[in-house]
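Under our numbering, residues 182 to 476 are what the sequence shown spells out, in order.
Each remark here refers to the structure printed beneath this line.
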Amino acid sequence: MAGVHGKCVNPPPSRLVFQTAHEGTKAERRTEQHMDPVTQKLQLEAQRIASRHGIPAFYTSFKPHMALARRLYYHHPLVATLKQWVKPRLQECLGHGLYHCRRVSIEGAALVFAEMESGPRDPRGMERLMVLALLAGLLHDICRSQDNHAERGAREAAKALRDYPLTADEIAGVCQAIRNHEAFIPPEPCSRPWCQLLSDCLYDADKFRWGPDTFTHTLWYMVHQKGLTLQELIENFPWGISGVVRIKETFRTNTGKHFGPQIIESGVSIGREIYHYLIKHYREGENDQRHADGH
Ligand SMILES: [Fe+2]
Ligand SMILES: [Fe+2]
């Protein structure tokens with residue numbers, strides 16, 4: 182749940198527990214930033230399940246690309262300055278905070294490298310575009326809690342980058358990429374090839390997050406924020422997985438089209454295992470409740 186100004190507010194009391202005498206106390210102890218213990222426990226279990234799955238081939242095939250992207254993310258002065266600006270504006274409680282944006286930034290920049298190395302080599306131009314991808318990744322969800330967040334985010338990004346040592350074209354390119362990043366909405370074509378590449382790389386890196394990250398990270402923040410019961414989570418799970426599957430067909434770069442579907446499939450198989458765990462957990466909880474009620 183989001184406040185009127187896009188700030189996360191305290192979610193409704195958690196119902197992701199069976200009715201017990203202590204439920205209220207647990208909900209009271211919870212703060213805006215901290216998940217309730219049951220959701221936290223389920224997230225840990227999901228991470229344990231995910232750790233048994235292999236690493237998708239994108240991360241093993243593009244190690245040098247990821248390493249350079251990471252180095253720029255942690256050491257480039259423009260990225261460091263923007264990070265300080267976005268930090269208080271990102272909303273971890275929606276599952277789209279700095280964790281999400283850091284991964285989108287780094288993988289978006291690695292995709293730029295992967296896509297550009299097969300074309301004419303211009304190392305300085307490539308590094309500059311990687312930095313723009315990092316900036317776009319940091320900024321793309323700054324309006325995540327608002328309607329039409331891609332368009333609003335693009336407008337806020339234009340204001341944020343006004344005083345940065347970037348050309349007007351570079352700022353327009355970053356903003357267009359942000360405008361185009363929403364799933365299942367046809368993107369506006371970009372006027373220049375480098376701008377199109379930036380836009381497509383941001384999109385693909387953001388959609389890579391629909392793989393394992395959905396089940397190890399984003400889902401639990403959303404469950405916590407919406408105050409879902411375990412039963413509601415189980416009921417919605419198959420529908421959620423079918424949405425994740427649909428993203429496989431939407432990747433835009435050649436690298437994304439090649440490696441993205443495997444990232445999504447990995448997420449889906451982790452998701453299915455978590456689903457079975459949740460059903461088992463729910464049944465055990467029901468049985469415990471029946472015993473407690475003396476049936
Ligand atoms: Fe977004
Ligand atoms: Fe995002």
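In this text, a Cβ means the ideal position worked out from N, Cα and C, and glycines have one as well.
Between the beta-carbon of residue i and the beta-carbon of residue j, is there less than 8 Å?
{"i": "residue 291", "j": "residue 243", "result": "yes"}
{"i": "residue 378", "j": "residue 260", "result": "no"}
{"i": "residue 404", "j": "residue 220", "result": "yes"}
{"i": "residue 331", "j": "residue 359", "result": "yes"}
{"i": "residue 402", "j": "residue 274", "result": "yes"}
{"i": "residue 456", "j": "residue 418", "result": "yes"}
{"i": "residue 441", "j": "residue 432", "result": "yes"}
{"i": "residue 257", "j": "residue 399", "result": "no"}
{"i": "residue 397", "j": "residue 227", "result": "yes"}
From the DSSP output, which residues share a beta bridge with residue i?
{"i": "residue 224", "result": "Partner(s): none; residue 224 has no beta bridge."}
Does the beta carbon of residue i fall short of 7 Å from some heavy atom of ligand 3?
{"i": "residue 425", "result": "The model depicted lacks ligand 3 and carries ligand 1 and ligand 2 instead."}
Please report the residue range of the alpha helix (DSSP H) in which residue i lies.
{"i": "residue 272", "result": "Where residue 272 is concerned, there is no enclosing alpha helix (DSSP H), given that its DSSP letter is neither H nor E."}
{"i": "residue 417", "result": "411–427"}
{"i": "residue 250", "result": "244–256"}
{"i": "residue 307", "result": "304–320"}
{"i": "residue 374", "result": "374–389"}
{"i": "residue 283", "result": "279–298"}
{"i": "residue 345", "result": "Residue 345 -> no alpha helix (DSSP H), and no H or E assigned at all."}
Just checking residue i against ligand 2 - is the residue's beta carbon closer than 7 Å to any of the ligand's heavy atoms?
{"i": "residue 267", "result": "no"}
{"i": "residue 246", "result": "no"}
{"i": "residue 385", "result": "no"}
{"i": "residue 398", "result": "no"}
{"i": "residue 355", "result": "no"}
{"i": "residue 285", "result": "yes"}
Against chain D, does residue i count as a neighbour if the rule is that its beta carbon must be under 8 Å from one of theirs?
{"i": "residue 258", "result": "This model lacks chain D altogether; it includes just one protein chain."}
Is residue i close to ligand 1? I mean its beta-carbon at under 7 Å from any heavy atom of the ligand.
{"i": "residue 486", "result": "Residue numbering for the chain in the displayed model covers 182 to 476; residue 486 lies beyond these limits and cannot be assessed."}
{"i": "residue 335", "result": "no"}
{"i": "residue 330", "result": "yes"}
Taking 8 Å as the cut-off, does the stretch 380–392 touch the stretch 361–369 (at least 3 CB pairs, one atom from each stretch)? The stretch 361–369, when compared against the stretch 380–392, does touch it at the 8 Å Cβ threshold.
Does the stretch 268–287 come close enough to the stretch 344–361 to have 3 or more Cβ pairs within less than 8 Å? At 8 Å Cβ cutoff, the stretches do not touch.
Any contact of the stretch 421–432 with the stretch 447–459, i.e. 3+ C-beta pairs under 8 Å? Segments in contact, yes.
Contact between the stretch 320–338 and the stretch 240–254: three or more CB pairs below 8 Å? No, the stretch 320–338 is not in contact with the stretch 240–254.
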